[in-house]
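Novice: In mature numbering (1 follows the signal peptide of the UniProt record, and there is no 0), the protein residues as written are -23 to -1, 1 to 421. Encoded as structure tokens, here's the structure I'll be asking about.
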């Protein structure tokens, strides 16, 4: 059920419930059962909407497409690792698996991967990112994999052959002994990693900045990319530039490639707007009924004073309650494409920064020194009234059930989720990607 179908509810009410208000007792049970069936069949659509009161976590968090991508991506990396580990000619095998690092690439993709306890997502992340790319697409990418540990050997993938086979650069700490000692102490302390995590984010941003690519994509190590993420991102960047120009601005802060849908529901900060709209709907409904009764005399027998009162002050408010309970994303879905997301955008799983904005972000983070990258970025954007774009539908999905922020809780990590991502059709995406990758339509 969408906004249009909900707008039909007053008509359904008129047809089904007016006999109740008019005193026709013989029709009440039948009409009531009809309404219940209509409502029940409509509400079944909302189990995947996290902003809906009818959201079912078991179904809403079910990894349908992401399960397929995670399995395929991990298998791809295992295959690459086996090929690169071949004793026949490991060097030649590694060279054949990826082109030489292209410093003329238009995208620098940075991924920082820490060693998590009992789980690792990096194989699925890198696999989903690279496995579907054509040669031209891969050449347009400079991939930096960062192991942010003083002792990188503690990372389960550090000695794997696929790491150097897939990455254009495996980044390790290259800092002074004093900085290394400080990082070692931060690792021992554990906690929320608010200082070390921010340091690592800046360190990776700087590494990508050195490549000189027009755009830097910061990707966390517990996400999945959809088939076709590359061409959709490239088109979105063009669209973001065009929309920024139409706004009369010369730059924007970032393009969001993933966002958590659960934070985009009805917000308490806007309660007064919701109240005014609800009153306006009731007033419009009352005006329509009264006008109908005045100019359509035959309706007088149905639209009695009692019927109008029941419709406007009982069933009308019930429909409004149902509208809000059904969820904002279901009733007012975000249109596909690039759009502004100045509030409630979360989190930092996949963000694209224009090359000229990276120094601003780095300066802000180094000034703050302590904090979470996503919340500090939004603070900076709010202070400076920055333009923030987001791409719908999201081309990345968060799969981490174990948070990289110690102490934040696994339940929080699981709720960083985009249910719409799970509705992707692998066959349709592959066909779209193949069409976009044709030379005549190349995004190069």
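Glycine included, each C-beta is placed from N, C-alpha and C at the ideal position.
1. To the nearest angstrom, how far is it from the Cα of residue 125 to the Cα of residue 86?
2. By the three-class DSSP mapping on this structure, what secondary structure does residue 410 have?
3. Does the beta-carbon distance from residue 296 to residue 263 come in below 9 Å?
4. With a threshold of 16 other CB atoms inside 10 Å of the CB of residue 101, please say whether the residue is buried or exposed.
5. Going by C-alpha to C-alpha distance, which of 37, 60, 207 sits closest to residue 413?
6. To the nearest whole angstrom, what separates the beta carbons of residue 88 and residue 216, a pair I think is in contact under 8 Å?
7. Helix, strand or coil for residue 489 per DSSP?
8. Report the residue ranges of all alpha helix (DSSP H) runs contained in full by the region 168 to 227; include only those spanning at least 4 residues, in chain order.
9. Leaving out five residues on either side along the sequence, give the residues of the same chain with a beta carbon under 8 Å from the beta carbon of residue -2.
10. Express the C-alpha separation of residue 122 and residue 108 in angstroms, rounding to a whole number.
11. Can residue 195 and residue 374 be called in contact, C-beta distance under 9 Å?
12. Given a cut-off of 9 Å, decide if residue 118 and residue 82 are closer than it, judged by their beta-carbon atoms.
13. Quick one: grab the DSSP three-state call for residue 31.
14. Just to confirm before moving on: does the CB-CB distance between residue 201 and residue 105 stay below 9 Å?
15. Kindly list the residues whose CB is nearer than 8 Å to the CB of residue 146, restricted to its own chain and excluding five residues on each side of it in sequence; keep chain order.
16. Is it right to say residue 396 is buried, meaning 16 or more other beta carbons lie within 10 angstroms of its own, or is it exposed?
17. Say the cut is 8 Å; is the CB of residue 154 nearer than that to a heavy atom of the ligand NAD?
18. Give a yes or no on whether 9 Å exceeds the smallest Cβ distance from residue 159 to chain B.
19. Would you mind sorting residue 416 into buried or exposed? The rule is 16 or more other CB atoms within 10 Å of its CB.
20. Per DSSP, what kind of secondary structure is residue 153 in: helix, strand or coil?
21. Give a yes or no on contact between the region 304 to 324 and the region 236 to 255, applying the rule of three or more CB pairs nearer than 8 Å.
22. With a threshold of 6 Å on Cβ separation, who are the neighbours of residue 191 within its own chain once the five nearest residues in sequence on each side are excluded?
23. Determine the closest residue to residue 209 out of 222, 368, 38, with distance taken between C-alpha atoms.
24. Roughly how many angstroms lie between the CA atoms of residue 136 and residue 130, to the nearest whole one?
25. Between 46, 370, 44, 27, which has its C-alpha nearest residue 37's C-alpha?
26. Count Cβ pairs between the region 312 to 322 and the region 352 to 370 that sit closer than 8 Å; are there 3 or more?
27. With distance defined between alpha-carbon atoms, name the residue in 251, 314, 174 nearest to residue 233.
28. Ignoring anything shorter than 3 residues, give me the beta strand (DSSP E) runs that lie fully in the region 84 to 172, in order along the chain.
29. Please report how far the alpha carbon of residue 344 lies from the alpha carbon of residue 128, in whole angstroms.
30. Does the distance from the CB of residue 231 to the CB of residue 221 come in under 9 Å?
31. At which residues does the beta strand (DSSP E) containing residue 368 begin and terminate?
32. Can you round the beta-carbon distance between residue 371 and residue 330 to whole angstroms, since I take them to be within the 8 Å contact cut?
Specialist: On the basis of the supplied data:
1. For the purposes of this step, residue 125 is taken as the residue at position 148 of the chain shown. For the purposes of this step, residue 86 is taken as the residue at position 109 of the chain shown. Their Cα atoms are separated by approximately 16 Å.
2. As a working mapping, residue 410 is identified with position 433 in the chain shown. Residue state, collapsed to three classes: helix.
3. The residue given as residue 296 occupies position 319 in the chain shown. The residue given as residue 263 occupies position 286 in the chain shown. Not closer than 9 Å, so no.
4. Residue numbering aside, residue 101 sits at position 124 when the chain shown is read from its first letter. It is buried - the Cβ of residue 101 has at least 16 other Cβ atoms within 10 Å.
5. Here residue 413 refers to the residue found at position 436 when the chain shown is read from its first residue. The residue with the shortest Cα to Cα distance from residue 413 is 207.
6. For the purposes of this step, residue 88 is taken as the residue at position 111 of the chain shown. For the purposes of this step, residue 216 is taken as the residue at position 239 of the chain shown. The Cβ separation is near 25 Å, so there is no contact.
7. What is shown of the chain runs -23 to 421, which leaves residue 489 out entirely.
8. 173 to 188, 206 to 223
9. By one-based count along the chain shown, residue -2 stands at place 22. Legend: pLDDT at residue -2 = 45, less than 50; position of this residue unreliable, value from coordinates given subsequently. So the list reads 278, 279, 281, 283, 284, once near-sequence residues are dropped.
10. Along the chain shown, one-based indexing puts residue 108 at 131. Along the chain shown, one-based indexing puts residue 122 at 145. For residue 108 and residue 122, the distance between alpha carbons rounds to 16 Å.
11. Position 218 of the chain shown, counted from the first residue, corresponds to residue 195. Position 397 of the chain shown, counted from the first residue, corresponds to residue 374. Their beta carbons are not under 9 Å apart, which means residue 195 does not touch residue 374 by this criterion.
12. Working through the chain shown from its first residue, we reach residue 82 at position 105. Working through the chain shown from its first residue, we reach residue 118 at position 141. Yes, the pair counts as a contact, with Cβ atoms nearer than the cut-off.
13. Within the chain shown, the letter at position 54 stands for residue 31. Coil, per DSSP.
14. Within the chain shown, residue 201 is the residue found at index 224, counting from 1. Within the chain shown, residue 105 is the residue found at index 128, counting from 1. Contact flag set, yes.
15. Residue numbering aside, residue 146 sits at position 169 when the chain shown is read from its first letter. Here the set comprises 78, 119, 120, 121, 122, 184.
16. Start at 1 with the first residue of the chain shown, and residue 396 comes out as number 419. Its Cβ being crowded by 16 or more others within 10 Å, residue 396 is buried.
17. Looking at this structure, you won't find the ligand NAD or any other ligand, since it has none at all.
18. Among the chains of the structure shown, chain B does not appear; only one protein chain is present.
19. Within the chain shown, residue 416 is the residue found at index 439, counting from 1. Label assigned to residue 416: exposed.
20. Residue mapping note: residue 153 aligns to position 176 of the chain shown, counting from 1. It is coil, neither helix nor strand.
21. yes
22. The residue given as residue 191 occupies position 214 in the chain shown. Correct list, in chain order: 83, 332.
23. Position 232 of the chain shown, counting from 1, holds the residue named residue 209. Closest by alpha carbon: 368.
24. Here residue 136 is taken as the residue at index 159 of the chain shown, counted from 1. Here residue 130 is taken as the residue at index 153 of the chain shown, counted from 1. Answer to the nearest angstrom: the Cα atoms are 7 Å apart.
25. Locating residue 37 in the chain shown gives position 60, counting from the first residue. Among 46, 370, 44, 27, the Cα nearest to that of residue 37 belongs to 27.
26. yes
27. For the purposes of this step, residue 233 is taken as residue 256 along the chain shown, with counting starting at 1. Comparing Cα positions, the closest option is 314.
28. 84 to 89, 118 to 123, 146 to 148
29. Here residue 344 refers to the residue found at position 367 when the chain shown is read from its first residue. Here residue 128 refers to the residue found at position 151 when the chain shown is read from its first residue. Approximately 27 Å, taken between the alpha carbons.
30. In the chain shown, residue 231 corresponds to position 254, counting from 1. In the chain shown, residue 221 corresponds to position 244, counting from 1. Result no, Cβ atoms of residue 231 and residue 221 do not sit closer than 9 Å.
31. Taking the first residue of the chain shown as 1, we reach residue 368 at position 391. It spans 365 to 369 - the beta strand (DSSP E) in which residue 368 sits, taken as one unbroken run.
32. Stepping through the chain shown from its first residue, residue 371 is reached at position 394. Stepping through the chain shown from its first residue, residue 330 is reached at position 353. 17 Å between Cβ atoms; not a contact.
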